[in-house]
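Number of protein chains: 2
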Amino acid sequence: MSGFQRYKKILDLFSEERSSWTVLEISKSLKTPSSTIYRIVREMVTAEFLESASGSYFRLGPAFIKFNRIINFSDPLVRAGQPFLKKLANENPITSVNVLARLYGNNVMCVADYKNPTFKKNTSYQRGKLMPLIYGATSRAIIMQITGKRLENLINLENFKSDENKTNFLRDLKSDRKKGYCFTEGQVDKGLIGFAVSISNKKLGIIASLSSIFNLDDFLLEHEPIIYANLTTYGLLVEKYINEIFDDIQKYHHETNSIR
Amino acid sequence: MSGFQRYKKILDLFSEERSSWTVLEISKSLKTPSSTIYRIVREMVTAEFLESASGSYFRLGPAFIKFNRIINFSDPLVRAGQPFLKKLANENPITSVNVLARLYGNNVMCVADYKNPTFKKNTSYQRGKLMPLIYGATSRAIIMQITGKRLENLINLENFKSDENKTNFLRDLKSDRKKGYCFTEGQVDKGLIGFAVSISNKKLGIIASLSSIFNLDDFLLEHEPIIYANLTTYGLLVEKYINEIFDDIQKYHHETNSIR
DNA sequence: ATAAAATTCTTATATAATGATAATTTATAG
DNA sequence: CTATAAATTATCATTATATAAGAATTTTAT
Numbered sequence: 060m061s062g063f064q065r066y067k068k069i070l071d072l073f074s075e076e077r078s079s080w081t082v083l084e085i086s087k088s089l090k091t092p093s094s095t096i097y098r099i100v101r102e103m104v105t106a107e108f109l110e111s112a113s114g115s116y117f118r119l120g121p122a123f124i125k126f127n128r129i130i131n132f133s134d135p136l137v138r139a140g141q142p143f144l145k146k147l148a149n150e151n152p153i154t155s156v157n158v159l160a161r162l163y164g165n166n167v168m169c170v171a172d173y174k175n176p177t178f179k180k181n182t183s184y185q186r187g188k189l190m191p192l193i194y195g196a197t198s199r200a201i202i203m204q205i206t207g208k209r210l211e212n213l214i215n216l217e218n219f220k221s222d223e224n225k226t227n228f229l230r231d232l233k234s235d236r237k238k239g240y241c242f243t244e245g246q247v248d249k250g251l252i253g254f255a256v257s258i259s260n261k262k263l264g265i266i267a268s269l270s271s272i273f274n275l276d277d278f279l280l281e282h283e284p285i286i287y288a289n290l291t292t293y294g295l296l297v298e299k300y301i302n303e304i305f306d307d308i309q310k311y312h313h314e315t316n317s318i319r
Numbered sequence: 060m061s062g063f064q065r066y067k068k069i070l071d072l073f074s075e076e077r078s079s080w081t082v083l084e085i086s087k088s089l090k091t092p093s094s095t096i097y098r099i100v101r102e103m104v105t106a107e108f109l110e111s112a113s114g115s116y117f118r119l120g121p122a123f124i125k126f127n128r129i130i131n132f133s134d135p136l137v138r139a140g141q142p143f144l145k146k147l148a149n150e151n152p153i154t155s156v157n158v159l160a161r162l163y164g165n166n167v168m169c170v171a172d173y174k175n176p177t178f179k180k181n182t183s184y185q186r187g188k189l190m191p192l193i194y195g196a197t198s199r200a201i202i203m204q205i206t207g208k209r210l211e212n213l214i215n216l217e218n219f220k221s222d223e224n225k226t227n228f229l230r231d232l233k234s235d236r237k238k239g240y241c242f243t244e245g246q247v248d249k250g251l252i253g254f255a256v257s258i259s260n261k262k263l264g265i266i267a268s269l270s271s272i273f274n275l276d277d278f279l280l281e282h283e284p285i286i287y288a289n290l291t292t293y294g295l296l297v298e299k300y301i302n303e304i305f306d307d308i309q310k311y312h313h314e315t316n317s318i319r
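In order, the protein sequences belong to chains H and W.
Residue numbering for the first sequence follows our numbering, starting at 60 and increasing by one per position.
Residue numbering for the second sequence follows our numbering, starting at 60 and increasing by one per position.
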């Protein structure tokens, strides 16, 4: 264990299910002497990446809230897309969850979400949540943007039930890529259906999607064209705003660099 | 520069105002050779604490969104308080911003907020934002819980306009501590007033506050008793829930430890 | 196709991390 | 209030890793 990994390994122990750890537990779990863990944990507490809780437990520190906020206010995708999620929700013909997601390492991560207050069901779509790569429209509208070697690598990490499944998946992906949008049913949460469009910005290295999730029970075929129209319109709007934000950033850096 | 500081110093460059940096800029700013920064940045990109953006710029990575989410779903204060903010907002006699804040190092940090949709003014109270220690009711209801040496240290970090100011501040703090709640006017944002109560949990090491912020123009004297009643009621409720969450955590750790 | 910029690689040297153990502080129970 | 256990910090010889200058390579822009 060396470099940043030393710290990352400790942070990675913390999860929703298990949000506080003692030094001894960390020590056991990482098979590292407790004197070493004590030293590292102390460093991270100083830096506010961890904080001591009750007993001898430690939990994630407030630094994450702080940096998360900075991302919220500055990340082009979040900045551009966040304000539209509510509008999209309000224009959809039936109650919905609306999600902005992006490729995150080898996973898809939700980076912003807006749920209609009338949407009762609990869903897997919440900001910060990692989503399965090959299930759900949200994810598909993302990986359908990827091709060649990169796609192959990503797909090989997944466990398909059979080779046939994999072939079908790739075929569907290809046809969805042509259409420019996609639809899935019950792949992530039972009883829910999802529609999604791709969002991308090459200059900013953004590979993302905008999606609306509905209750299957609420859905009628006549809703479909409205749903796609909304997603397409807002998808383009988000891309347009990402571009504007990109220009702003360019201008800002140009200014600050010429001052020096 | 050694240990975690090495990484923290780089992360600390990123702010709302300046959210992307090139390696060369970091290198200049930290007076460290670029070959070193390249190596460190690469490590952090692998760990997803940074990500490469367009040009040769880097920005904060998605790890912060992920860990922030874990805190959101597991931090006792956020878990206990978050659900009440909207209720509090709805029961207040006039439109308000409602804030849960806590001591964060030598600052006060907002950890959850709910703003009435009808509240038009932009405010400084947003999740993750660091608040000034000695201004505003939100902060005061926090530091009024601190005494002795600790208070002295905190206060000494602040620049008071005069010694008289400082004496007055400490006197007001003491009387507010006795009352159990506090009120300030326009100390953080012009035209806004704030009311706050303390929230604490010794076992969990939580020193926090619950506050409601209003437009001065909307406020009438007759609102005051309702505002205080709401804050007090919800403050106690939040503390009660923190306790329940604490018990849950205890039980969980007891179970998982006895399994092993 | 070329030049410039960005990034990675290589290396000897300096510096810091490790972990066993001891010392100290803090919490807990009687 | 004291005794005991638990948690945390300190010490230090050893080992491992980071550093930074410059060369080599890759990427990007023209």
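Using N, Cα and C, we set each Cβ at its ideal position, and we do this for glycine too.
{"Asked": "Residue burial classification, H/S78 (beta-carbon count within 10 angstroms, cutoff 16)", "Found": "buried"}
{"Asked": "H/F117 to H/Y97 span [Cα, whole Å]", "Found": "11 Å"}
{"Asked": "H/L144 - DSSP class collapsed to helix/strand/coil", "Found": "helix"}
{"Asked": "Neighbour list for H/I124 in chain W, Cβ cutoff strictly below 8 Å", "Found": "N127, I130, M168, V170, R186 and G187"}
{"Asked": "Proximity below 8 Å, CB of H/I153 to CB of W/G187", "Found": "no"}
{"Asked": "C-alpha gap between W/A171 and H/E223, whole angstroms", "Found": "48 Å"}
{"Asked": "Counted within 10 angstroms of its Cβ, other Cβ atoms place W/E76 as buried (16 or more) or exposed", "Found": "exposed"}
{"Asked": "Under 7 Å from the C-beta of H/I308: neighbouring residues of chain W", "Found": "S79"}
{"Asked": "Rounded distance between the beta-carbons of W/F254 and W/S328, thought under 8 Å", "Found": "An answer regarding residue 328 of chain W cannot be provided, because it is not within the stretch 60 to 319 covered by chain W."}
{"Asked": "Cβ contact (3+ pairs, closer than 8 Å) linking the stretch 136-145 of chain H and the stretch 154-161 of chain H", "Found": "yes"}
{"Asked": "Heavy atom of the ligand GTP within 7 Å of W/K262 beta-carbon", "Found": "Looking at this structure, you won't find the ligand GTP or any other ligand, since it has none at all."}
{"Asked": "Classification of H/K179 by the beta-carbon crowding that lies within 10 angstroms, buried from 16 upward", "Found": "exposed"}
{"Asked": "Proximity below 8 Å, CB of W/G264 to CB of H/S93", "Found": "no"}
{"Asked": "Contact set between W/P121 and chain H, taken where Cβ atoms lie within less than 7 Å", "Found": "Y163 and M168"}
{"Asked": "Residue environment, W/L109, which counts as buried when at least 16 other CB atoms sit within 10 Å", "Found": "buried"}
{"Asked": "Interface residues of the stretch 191-206 of chain W facing chain H [CB-CB below 8 Å]", "Found": "none"}
{"Asked": "Extent of the continuous alpha helix (DSSP H) to which H/K262 belongs", "Found": "No alpha helix (DSSP H) holds H/K262; DSSP gives it neither H nor E."}
{"Asked": "Host beta strand (DSSP E) of H/D172 (start-end)", "Found": "N166 to K174"}
{"Asked": "Test: H/M60 CB closer than 8 Å to a CB of chain W", "Found": "no"}
{"Asked": "Local conformation of W/N218 per DSSP, three classes", "Found": "coil"}
{"Asked": "Contacting residues, own chain, Cβ-Cβ under 8 Å from W/L290 (five flanking each side not counted)", "Found": "L147, Y240, F254, A255, V256, L269, S270 and S271"}
{"Asked": "Beta bridge counterpart(s) of H/G187 as assigned by DSSP", "Found": "Partner(s): none; H/G187 has no beta bridge."}
{"Asked": "H/S183 beta carbon less than 8 Å from that of H/V247", "Found": "yes"}
{"Asked": "Endpoints, beta strand (DSSP E) assigned at W/T243", "Found": "Y240 to E244"}
{"Asked": "Where H/P121 falls, given that 16 or more other Cβ within 10 Å makes a residue buried", "Found": "buried"}
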